[in-house]
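Engineer: Below is the structure I would like to discuss, written out as C-alpha cells.
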Amino acid sequence: HHCQEYLLKILIVGDGNVGKSSFVHRYVSGQFNKSYKMDFSIKMLHWSDREKVNVQLWDIAGQERFISMTRLYYKGAVGCVVMFDVTNSSSFLNCRLWKQDLDNKAMLPNGGSIPRILLANKCDLSRWDVSAESIEKFCRANGFITWMETSVKDNKNIAEAMRYHIAVAFCMLVSLNRPQLVVNADKPKHPFLIKIHFT
Numbered sequence: 002h003h004c005q006e007y008l009l010k011i012l013i014v015g016d017g018n019v020g021k022s023s024f025v026h027r028y029v030s031g032q033f034n035k036s037y038k039m040d041f042s043i044k045m046l047h048w049s050d051r052e053k054v055n056v057q058l059w060d061i062a063g064q065e066r067f068i069s070m071t072r073l074y075y076k077g078a079v080g081c082v083v084m085f086d087v088t089n090s091s092s093f094l095n096c097r098l099w100k101q102d103l104d105n106k107a108m109l110p111n112g113g114s115i116p117r118i119l120l121a122n123k124c125d126l127s128r129w130d131v132s133a134e135s136i137e138k139f140c141r142a143n144g145f146i147t148w149m150e151t152s153v154k155d156n157k158n159i160a161e162a163m164r165y166h167i168a169v170a171f172c173m174l175v176s177l178n179r180p181q182l183v184v185n186a187d188k189p190k191h192p193f194l195i196k197i198h199f200t
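Have a look at this one:
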C-alpha cells in the first residue's frame, strides 16, 4: 500500500538557556542532555497507516537574538515553538519580541501566520517568576494555539506538546495544499510540503 511522506519544518525559538536544545534532544532521542548543541534534528513519526511525517526541528540559538536572525532559518517553516523559562521573567517578556520576529519573517503560503505554541519550561522547579494567569493572557493576546507547562528534565509534556502542535500544523498544511497536494519531487513548487509516494 502507498504511504505518503510529509516534511514539516518547525522552529524552536526563545532566549538562551531556557532549555530549547535539551527539549529537541529529549523529543528526538528520549534523553535529557543539558549540553546538547545542534542546528536541526529530524524525528520520523508514523502519523497514521498511510502517512509518515518527518519533523525537522530547527533550534534557533538564543544568543543570536531576534535582531540578527536570518530569514533563512524561518524559510519554509510551518510551525513554531516559543519557549521560556518559568523561573526567569525576562525570558517570558522576550517572547513578545520572538513573536514579532516570527510575524515579520515567517508565513504560510497563503500569507497567514504560522501556528505557534508557547511552552513554559522548567516547571519542575518550585520557584516560578511568571504567573499562570499572565501566561494565559499573553497566549490569548498574541494568537498562540495554546500554552503548556513543560519539564525537559522530568520529560513532562514534551511529546504531548509536540504532537498537539504537529497536528495543528499538519491539518493547516493539508487544507492549504489541497489543490496541489502532490508536489513534483524533482522541482517542488514550494518548500512547505513534500509528498512522496512509495510502496
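So the sequence shown is numbered by this note's numbering: it starts at 2 and just counts up by one. Each residue gets a CB set at the ideal place from its N, CA and C atoms; glycine is no exception.
(1) Mind checking whether Val29 and Leu58 have CB atoms under 8 Å apart?
(2) Pull the bridge partners of Ser42 from the DSSP assignment, please.
(3) Let me make sure I understand the geometry here. Which of Gly20, Cys96 and Lys21 has the alpha-carbon closest to that of Phe139?
(4) With distances taken Cα to Cα, identify the nearest neighbour of Ile167 among Lys154, Leu126 and Thr147.
(5) Whether or not the region 111–127 and the region 39–50 are in contact is what I'm after, with contact meaning three or more pairs of Cβ atoms, one per stretch, closer than 8 Å; do they touch?
(6) Return yes when the Cβ of Lys10 is within less than 8 Å of the Cβ of Val79, no when it is not.
(7) Taking Ile11 as part of the beta strand (DSSP E), name the residues at either end of that continuous run.
(8) Just tell me which of Ser92, Glu134 and Lys100 has its CA closest to the CA of Asn122.
(9) Just to confirm the assignment, what range does the beta strand (DSSP E) spanning Asn122 have?
(10) Got a sec? Which residues, its chain only, sit under 6 Å from Phe85 by beta carbon, not counting five neighbours each side?
(11) How many angstroms separate the CA atom of Glu6 from the CA atom of Glu52?
(12) If contacts are defined as beta-carbon pairs under 8 Å, then Ile159 and Arg27 qualify, I think. What distance do you get, rounded to the angstrom?
(13) For the putative contact between Val83 and Lys100, defined by C-beta atoms under 8 Å, what is the C-beta separation to the nearest angstrom?
(14) How should Lys76 be labelled, buried or exposed, when 16 other C-beta atoms within 10 angstroms of its C-beta is the threshold for buried?
(15) How many Å lie between Leu103 and Val175 at the Cα?
(16) Taking the C-alpha atoms as reference points, what is the distance between Asn55 and Ile136?
(17) When burial is assigned at 16 or more other CB atoms within 10 Å of the CB, is Cys172 buried or exposed?
Structural biologist: From the atom records:
(1) Taking 8 Å as the Cβ cut-off, Val29 and Leu58 qualify as a contacting pair.
(2) Its beta-bridge partners are Leu58.
(3) Considering only alpha carbons, the answer is Cys96.
(4) Among Lys154, Leu126 and Thr147, the Cα nearest to that of Ile167 belongs to Thr147.
(5) When C-beta atoms of the region 39–50 are compared with those of the region 111–127, fewer than three pairs fall below 8 Å, so the two segments do not count as touching.
(6) For the pair Val79 and Lys10, the CB atoms are nearer than the 8 Å cut-off.
(7) Cys4 to Val14 is the span of the beta strand (DSSP E), which, as asked, contains Ile11.
(8) Nearest to Asn122 by alpha-carbon distance, out of Ser92, Glu134 and Lys100, is Ser92.
(9) DSSP places Asn122 in the uninterrupted beta strand (DSSP E) bounded by Arg117 to Asn122.
(10) Correct list, in chain order: Gly15, Val19, Ser92, Phe93 and Cys96.
(11) If you take the alpha carbons of Glu6 and Glu52, they lie about 6 Å apart.
(12) Distance from Ile159 to Arg27 at the Cβ level is roughly 5 Å; contact confirmed, criterion being Cβ atoms closer than 8 Å.
(13) Contact holds; Cβ gap of about 6 Å.
(14) Its Cβ having fewer than 16 others within 10 Å, Lys76 is exposed.
(15) Separation of Leu103 and Val175 (C-alpha to C-alpha, rounded to the nearest whole angstrom) is 22 Å.
(16) Those two C-alpha atoms are separated by around 30 Å.
(17) Classification for Cys172: exposed.
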